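Trainee:
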Amino acid sequence: HGDQLLIGGPEGLWQKDLKQSNLDQATQPAWATPIASKFVTDIQQAPDGRIWICTLQDGLYRYDPKNNELLNLAPDPNNKYNLAHRNVSSILFDSRGWLWVAMQGGGLDLLRTPNAKPPFAFEHFGKQQKLPNELVNKVLEDNQGNIWASTDEGFARINPKTMHIDPFVESDGVAITGYWSNSGGRTKDGELIFGGVGGLTVIRPELVKKYAYHPPVVVTNIQLGGKTIAANHAGFSGNKGKKLLVQADAN
0 HGDQLLIGGP EGLWQKDLKQ SNLDQATQPA WATPIASKFV TDIQQAPDGR IWICTLQDGL
60 YRYDPKNNEL LNLAPDPNNK YNLAHRNVSS ILFDSRGWLW VAMQGGGLDL LRTPNAKPPF
120 AFEHFGKQQK LPNELVNKVL EDNQGNIWAS TDEGFARINP KTMHIDPFVE SDGVAITGYW
180 SNSGGRTKDG ELIFGGVGGL TVIRPELVKK YAYHPPVVVT NIQLGGKTIA ANHAGFSGNK
240 GKKLLVQADA N
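The letter at position 43 of the sequence shown is residue 42 when you use this note's numbering, and the numbering goes up by one with no holes.
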(Lines of atoms letter the chains of each structure in order from A and count residues from 1; the text may use other names and numbers.)
(Lines give C-alpha, C1' and ligand atoms only; values in the text may rest on other atoms or scores of the structure.)
Protein backbone atom coordinates (compact mmCIF):
# COMPACT_ATOMS: atom_id res chain seq x y z
CA HIS A 1 0.00 0.00 0.00
CA GLY A 2 1.41 3.36 -1.00
CA ASP A 3 5.17 3.05 -1.39
CA GLN A 4 5.20 -0.01 0.87
CA LEU A 5 5.29 -3.52 -0.60
CA LEU A 6 3.85 -6.20 1.68
CA ILE A 7 5.29 -9.70 1.34
CA GLY A 8 3.75 -12.78 2.95
CA GLY A 9 5.18 -16.24 3.45
CA PRO A 10 5.98 -19.01 5.96
CA GLU A 11 7.57 -16.50 8.35
CA GLY A 12 4.76 -14.02 8.58
CA LEU A 13 4.43 -10.64 6.90
CA TRP A 14 7.25 -8.36 5.75
CA GLN A 15 7.29 -4.80 4.47
CA LYS A 16 9.58 -3.30 1.85
CA ASP A 17 9.94 0.44 1.32
CA LEU A 18 10.06 0.89 -2.47
CA LYS A 19 11.67 4.30 -2.09
CA GLN A 20 14.79 2.78 -0.55
CA SER A 21 17.74 2.00 -2.77
CA ASN A 22 18.50 -1.27 -0.96
CA LEU A 23 16.01 -3.67 -2.56
CA ASP A 24 17.22 -6.60 -0.45
CA GLN A 25 16.11 -5.09 2.84
CA ALA A 26 12.68 -5.80 4.32
CA THR A 27 11.34 -5.49 7.85
CA GLN A 28 8.42 -6.83 9.82
CA PRO A 29 6.13 -3.87 10.63
CA ALA A 30 5.22 -3.38 14.28
CA TRP A 31 1.49 -3.61 13.58
CA ALA A 32 1.99 -7.13 12.13
CA THR A 33 3.58 -8.57 15.30
CA PRO A 34 0.62 -10.97 15.89
CA ILE A 35 1.24 -12.41 12.40
CA ALA A 36 5.01 -12.80 12.83
CA SER A 37 4.88 -16.59 13.25
CA LYS A 38 1.99 -17.25 10.85
CA PHE A 39 2.08 -18.69 7.34
CA VAL A 40 0.67 -15.92 5.13
CA THR A 41 -0.99 -17.22 1.95
CA ASP A 42 -2.52 -14.10 0.42
CA ILE A 43 -2.61 -10.30 0.84
CA GLN A 44 -5.26 -8.11 -0.78
CA GLN A 45 -6.22 -4.46 -0.49
CA ALA A 46 -9.96 -3.88 -0.16
CA PRO A 47 -11.77 -1.11 -2.07
CA ASP A 48 -11.89 0.94 1.17
CA GLY A 49 -8.07 0.81 1.52
CA ARG A 50 -7.87 -1.75 4.32
CA ILE A 51 -5.40 -4.62 3.99
CA TRP A 52 -6.65 -8.21 4.31
CA ILE A 53 -4.19 -10.97 5.15
CA CYS A 54 -4.86 -14.73 4.86
CA THR A 55 -3.11 -17.26 7.10
CA LEU A 56 -2.97 -21.03 7.47
CA GLN A 57 -3.37 -20.90 11.25
CA ASP A 58 -5.61 -18.03 12.30
CA GLY A 59 -8.01 -17.31 9.46
CA LEU A 60 -8.09 -13.68 8.32
CA TYR A 61 -6.58 -10.43 9.54
CA ARG A 62 -7.84 -6.97 8.57
CA TYR A 63 -5.46 -4.06 8.93
CA ASP A 64 -6.63 -0.45 8.81
CA PRO A 65 -3.72 1.89 7.92
CA LYS A 66 -5.76 4.94 9.01
CA ASN A 67 -5.90 4.00 12.70
CA ASN A 68 -3.25 1.24 12.76
CA GLU A 69 -5.86 -1.29 13.86
CA LEU A 70 -5.34 -5.02 13.25
CA LEU A 71 -8.41 -7.23 13.59
CA ASN A 72 -8.44 -11.04 13.54
CA LEU A 73 -11.37 -12.89 11.98
CA ALA A 74 -11.04 -16.48 13.17
CA PRO A 75 -13.43 -19.44 13.41
CA ASP A 76 -15.58 -19.86 16.50
CA PRO A 77 -17.34 -23.21 17.01
CA ASN A 78 -20.00 -21.43 19.07
CA ASN A 79 -20.90 -18.96 16.32
CA LYS A 80 -22.07 -20.32 12.96
CA TYR A 81 -21.74 -16.88 11.36
CA ASN A 82 -18.00 -16.68 11.94
CA LEU A 83 -15.39 -17.77 9.43
CA ALA A 84 -15.81 -21.50 8.77
CA HIS A 85 -12.15 -22.57 8.87
CA ARG A 86 -8.79 -21.22 10.05
CA ASN A 87 -6.87 -22.42 6.97
CA VAL A 88 -7.42 -19.73 4.32
CA SER A 89 -6.04 -20.27 0.79
CA SER A 90 -6.96 -16.99 -0.91
CA ILE A 91 -9.54 -14.23 -1.05
CA LEU A 92 -11.31 -12.19 -3.73
CA PHE A 93 -12.98 -8.79 -3.62
CA ASP A 94 -15.51 -8.95 -6.45
CA SER A 95 -17.06 -6.13 -8.49
CA ARG A 96 -19.78 -5.70 -5.84
CA GLY A 97 -17.25 -5.18 -3.07
CA TRP A 98 -18.09 -8.59 -1.56
CA LEU A 99 -15.34 -10.69 -0.01
CA TRP A 100 -15.04 -14.36 -1.02
CA VAL A 101 -12.85 -16.57 1.17
CA ALA A 102 -11.39 -19.87 -0.10
CA MET A 103 -10.43 -22.33 2.63
CA GLN A 104 -8.55 -25.61 2.82
CA GLY A 105 -11.16 -27.89 4.33
CA GLY A 106 -13.78 -25.25 5.06
CA GLY A 107 -15.28 -24.67 1.64
CA LEU A 108 -16.08 -21.13 0.53
CA ASP A 109 -17.29 -18.22 2.66
CA LEU A 110 -18.89 -14.95 1.59
CA LEU A 111 -18.85 -11.66 3.50
CA ARG A 112 -21.06 -9.06 1.85
CA THR A 113 -19.95 -6.19 4.12
CA PRO A 114 -16.17 -6.48 4.62
CA ASN A 115 -15.92 -2.79 5.51
CA ALA A 116 -18.37 -3.11 8.41
CA LYS A 117 -17.60 -3.29 12.11
CA PRO A 118 -17.72 -6.64 13.93
CA PRO A 119 -19.56 -8.88 14.51
CA PHE A 120 -19.38 -10.22 10.96
CA ALA A 121 -21.88 -12.57 9.33
CA PHE A 122 -20.29 -14.99 6.85
CA GLU A 123 -22.35 -17.10 4.48
CA HIS A 124 -21.00 -20.63 4.02
CA PHE A 125 -20.88 -22.85 0.93
CA GLY A 126 -19.81 -26.49 1.15
CA LYS A 127 -20.54 -29.84 -0.42
CA GLN A 128 -24.16 -29.54 0.70
CA GLN A 129 -24.44 -26.49 -1.59
CA LYS A 130 -22.84 -28.49 -4.47
CA LEU A 131 -19.19 -27.55 -4.11
CA PRO A 132 -17.22 -30.45 -5.65
CA ASN A 133 -14.85 -30.45 -2.67
CA GLU A 134 -14.34 -28.34 0.47
CA LEU A 135 -10.63 -27.91 -0.28
CA VAL A 136 -10.98 -24.61 -2.15
CA ASN A 137 -7.85 -23.05 -3.62
CA LYS A 138 -8.49 -19.95 -5.75
CA VAL A 139 -11.49 -17.70 -6.44
CA LEU A 140 -11.91 -15.55 -9.59
CA GLU A 141 -14.70 -13.44 -11.10
CA ASP A 142 -15.59 -13.61 -14.80
CA ASN A 143 -16.79 -10.75 -17.00
CA GLN A 144 -20.42 -11.72 -16.39
CA GLY A 145 -20.00 -11.34 -12.62
CA ASN A 146 -20.05 -15.07 -11.88
CA ILE A 147 -17.64 -16.44 -9.29
CA TRP A 148 -15.39 -19.41 -10.13
CA ALA A 149 -13.59 -21.48 -7.52
CA SER A 150 -10.97 -24.18 -8.04
CA THR A 151 -11.17 -27.14 -5.66
CA ASP A 152 -9.42 -30.48 -5.25
CA GLU A 153 -12.12 -32.14 -7.36
CA GLY A 154 -12.76 -29.62 -10.12
CA PHE A 155 -14.51 -26.25 -10.31
CA ALA A 156 -17.57 -24.48 -9.02
CA ARG A 157 -19.38 -21.62 -10.73
CA ILE A 158 -21.51 -19.47 -8.41
CA ASN A 159 -24.25 -17.17 -9.65
CA PRO A 160 -24.18 -14.25 -7.14
CA LYS A 161 -27.77 -13.29 -7.97
CA THR A 162 -29.23 -16.65 -6.96
CA MET A 163 -26.28 -18.27 -5.15
CA HIS A 164 -26.83 -21.34 -7.33
CA ILE A 165 -23.67 -23.45 -7.75
CA ASP A 166 -22.81 -25.41 -10.89
CA PRO A 167 -20.07 -28.00 -10.22
CA PHE A 168 -17.70 -29.03 -13.01
CA VAL A 169 -15.84 -32.27 -12.38
CA GLU A 170 -13.95 -34.93 -14.35
CA SER A 171 -17.14 -36.33 -15.88
CA ASP A 172 -17.89 -32.85 -17.26
CA GLY A 173 -14.56 -32.74 -19.09
CA VAL A 174 -12.29 -31.23 -16.42
CA ALA A 175 -8.87 -32.70 -17.23
CA ILE A 176 -7.10 -31.53 -14.05
CA THR A 177 -9.02 -32.01 -10.82
CA GLY A 178 -6.45 -30.91 -8.21
CA TYR A 179 -5.30 -27.28 -7.88
CA TRP A 180 -2.73 -25.26 -5.97
CA SER A 181 -3.62 -22.72 -3.29
CA ASN A 182 -3.93 -19.15 -4.55
CA SER A 183 -2.80 -20.12 -8.05
CA GLY A 184 -4.71 -18.37 -10.83
CA GLY A 185 -5.61 -15.15 -12.57
CA ARG A 186 -7.76 -13.49 -15.23
CA THR A 187 -6.43 -12.33 -18.59
CA LYS A 188 -7.37 -9.06 -20.31
CA ASP A 189 -9.61 -11.10 -22.63
CA GLY A 190 -11.57 -12.50 -19.70
CA GLU A 191 -10.05 -15.98 -19.65
CA LEU A 192 -9.69 -17.55 -16.23
CA ILE A 193 -6.45 -19.44 -15.58
CA PHE A 194 -6.02 -21.88 -12.69
CA GLY A 195 -2.76 -23.58 -11.76
CA GLY A 196 -3.23 -27.28 -11.08
CA VAL A 197 -1.37 -30.46 -10.34
CA GLY A 198 0.12 -31.26 -13.74
CA GLY A 199 -0.58 -28.05 -15.65
CA LEU A 200 -2.90 -25.11 -16.24
CA THR A 201 -6.62 -25.01 -16.87
CA VAL A 202 -7.86 -22.13 -19.01
CA ILE A 203 -11.60 -21.40 -18.82
CA ARG A 204 -13.47 -19.28 -21.33
CA PRO A 205 -16.60 -18.68 -19.24
CA GLU A 206 -18.84 -17.59 -22.12
CA LEU A 207 -18.31 -20.97 -23.80
CA VAL A 208 -18.99 -23.15 -20.76
CA LYS A 209 -22.37 -24.86 -20.83
CA LYS A 210 -23.68 -27.47 -18.46
CA TYR A 211 -24.13 -30.93 -19.97
CA ALA A 212 -27.88 -31.17 -20.58
CA TYR A 213 -28.25 -34.27 -22.77
CA HIS A 214 -30.49 -36.97 -21.29
CA PRO A 215 -30.03 -40.24 -23.19
CA PRO A 216 -33.15 -42.33 -23.79
CA VAL A 217 -33.67 -45.62 -22.00
CA VAL A 218 -32.92 -48.47 -24.42
CA VAL A 219 -33.77 -52.14 -23.88
CA THR A 220 -30.75 -54.28 -24.80
CA ASN A 221 -31.91 -57.65 -23.49
CA ILE A 222 -34.92 -59.26 -21.81
CA GLN A 223 -34.49 -62.47 -19.86
CA LEU A 224 -36.72 -64.65 -17.73
CA GLY A 225 -35.11 -67.38 -15.72
CA GLY A 226 -31.81 -66.72 -17.43
CA LYS A 227 -33.25 -67.22 -20.90
CA THR A 228 -33.72 -64.54 -23.56
CA ILE A 229 -37.43 -64.25 -24.41
CA ALA A 230 -37.48 -61.28 -26.77
CA ALA A 231 -35.41 -61.37 -29.94
CA ASN A 232 -36.62 -57.94 -31.11
CA HIS A 233 -35.52 -55.74 -28.21
CA ALA A 234 -36.28 -52.51 -30.09
CA GLY A 235 -39.97 -53.36 -30.06
CA PHE A 236 -40.08 -52.79 -26.31
CA SER A 237 -38.29 -49.41 -26.35
CA GLY A 238 -39.78 -45.92 -26.29
CA ASN A 239 -43.13 -44.58 -25.15
CA LYS A 240 -45.03 -46.62 -27.74
CA GLY A 241 -43.20 -49.90 -27.25
CA LYS A 242 -44.97 -53.22 -26.97
CA LYS A 243 -46.15 -54.42 -23.58
CA LEU A 244 -44.58 -57.45 -21.95
CA LEU A 245 -46.50 -59.16 -19.16
CA VAL A 246 -44.33 -61.04 -16.66
CA GLN A 247 -45.88 -63.15 -13.96
CA ALA A 248 -44.59 -62.65 -10.42
CA ASP A 249 -43.20 -66.17 -10.21
CA ALA A 250 -41.76 -66.30 -13.74
CA ASN A 251 -38.22 -65.24 -12.88
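Don't be surprised by glycine CBs; every beta carbon is placed ideally from N, CA and C. Just so we're clear, the structure is a prediction, and the values are computed from it rather than from any experiment.
1) Nearest-angstrom Cα distance between Glu140 and Pro204?
2) On a CA-only basis, which of Trp30, Gln56, Pro28, Thr32 is nearest Asp41? Give me that one, please.
3) With DSSP collapsed to three states, give me the class of Ile34.
4) Please state whether DSSP places Lys126 in a helix, a strand or coil.
5) Between Val135 and Met102, is the Cβ-Cβ spacing less than 7 Å?
6) Restricting to runs no shorter than 4 residues, where is the alpha helix (DSSP H) found entirely within the segment 150-230?
7) Going by Cα to Cα distance, which pick from Pro214, Pro118, Trp30 is closest to Lys65?
8) Grab me the residues of Asp47's own chain with a C-beta within less than 6 Å of its C-beta, minus the 5 sequence neighbours each way, in chain order.
9) For Asn220 and Lys226, what's the separation of their Cα atoms in angstroms?
10) Looking at Leu12 and Leu4, is the spacing between their C-beta atoms short of 7 Å?
11) Decide if the segment 80-98 is in contact with the segment 173-188; the criterion is three or more beta carbon pairs, one per stretch, under 8 Å apart.
12) For His213, count neighbouring C-beta atoms within 10 Å of its own C-beta (all shown protein chains included) and say buried if the count is 16 or more, exposed if not.
13) Indicate whether Glu152 and Thr186 have their beta-carbon atoms separated by less than 7 Å.
14) Can you tell which of Ala25, Ala247, Leu107 has the C-alpha that lies nearest to the C-alpha of Leu223?
15) Can you check whether the CB of Pro76 is closer than 7 Å to the CB of Lys129?
16) Using DSSP bridges, identify the partner residues of Tyr62.
17) In its own chain, which residues sit with a C-beta less than 6 Å from the C-beta of Asn142, not counting the 5 before and 5 after it?
18) Give me the Cα-Cα distance between Trp147 and Ile164, rounded to the nearest whole angstrom.
19) Based on Cα-Cα distance, which residue from Gly8, Asp93, Lys15, Pro9 lies nearest to Asp2?
20) Our contact map puts Leu252 next to Asp108 with C-beta atoms below 8 Å; I'd like the distance itself, whole angstroms only.
21) Considering only heavy atoms of the ligand ATP, does any lie closer than 6 Å to the CB of Pro131?
22) Return the residue from the list Phe92, Ser36, Arg111, Met162 that minimises the CA-CA distance to Gly7.
23) Helix, strand or coil for Ala45 per DSSP?
Mentor: Let me spell this out:
1) As a position in the sequence shown, residue 140 is number 141, starting the count at 1. As a position in the sequence shown, residue 204 is number 205, starting the count at 1. Straight-line Cα distance between these residues: approximately 10 Å.
2) What you label residue 41 is simply residue 42 of the sequence shown in a count that begins at 1. Out of Trp30, Gln56, Pro28, Thr32, Gln56 has the C-alpha closest to the C-alpha of Asp41.
3) Stepping through the sequence shown from its first residue, residue 34 is reached at position 35. Helix.
4) Working through the sequence shown from its first residue, we reach residue 126 at position 127. Helix.
5) On the sequence shown, position 136 is the one that residue 135 refers to. On the sequence shown, position 103 is the one that residue 102 refers to. In this structure, Met102 lies closer than 7 Å to Val135 by Cβ.
6) none
7) Locating residue 65 in the sequence shown gives position 66, counting from the first residue. Comparing alpha carbon positions, the residue from Pro214, Pro118, Trp30 closest to Lys65 is Trp30.
8) Indexing the sequence shown from 1 puts residue 47 at position 48. Excluding residues within five positions, the ones whose Cβ falls inside 6 Å are Asn114.
9) As a first step, residue 220 must be located in the sequence shown, where it is residue number 221. As a first step, residue 226 must be located in the sequence shown, where it is residue number 227. Looking at the two C-alpha atoms, the distance is approximately 10 Å.
10) Here the question's residue 4 lines up with position 5 in the sequence shown. Here the question's residue 12 lines up with position 13 in the sequence shown. Taking 7 Å as the Cβ cut-off, Leu4 and Leu12 do not qualify as a contacting pair.
11) Touching, per the Cβ criterion.
12) The residue labelled residue 213 in the question sits at position 214 within the sequence shown. Label assigned to His213: exposed.
13) Start at 1 with the first residue of the sequence shown, and residue 152 comes out as number 153. Start at 1 with the first residue of the sequence shown, and residue 186 comes out as number 187. Against a cut-off of 7 Å, the Cβ pair of Thr186 and Glu152 comes out as no contact.
14) By one-based count along the sequence shown, residue 223 stands at place 224. Of the candidates Ala25, Ala247, Leu107, the one whose C-alpha sits nearest the C-alpha of Leu223 is Ala247.
15) Translated into the one-based positions of the sequence shown, residue 129 becomes position 130. Translated into the one-based positions of the sequence shown, residue 76 becomes position 77. Contact flag unset, no.
16) Counting from 1 along the sequence shown, the entry for residue 62 is found at position 63. Beta-bridge pairing links Tyr62 to Ile50, Leu69.
17) Residue mapping note: residue 142 aligns to position 143 of the sequence shown, counting from 1. A distance below 6 Å between beta-carbons, with the five flanking residues on each side excluded, links Asn142 to the following residues of its chain, in chain order: Gly189.
18) Counting from one through the sequence shown, the residue named residue 147 turns up at place 148. Counting from one through the sequence shown, the residue named residue 164 turns up at place 165. Their backbone Cα atoms lie some 10 Å apart in a straight line.
19) Against the sequence shown, residue 2 aligns to sequence position 3. It is Lys15 whose Cα lies nearest to the Cα of Asp2.
20) One cannot answer for residue 252 here, as it falls past the ends of the chain, which runs 0 to 250.
21) Among the ligands in the structure shown, none appear at all, so the ligand ATP cannot be discussed.
22) The residue you call residue 7 lines up with position 8 of the sequence shown. Nearest option by C-alpha distance: Ser36.
23) On the sequence shown, residue 45 is found 46 positions in, with the first residue counted as 1. In the displayed model, Ala45 falls within coil according to three-state DSSP, outside both helix and strand.
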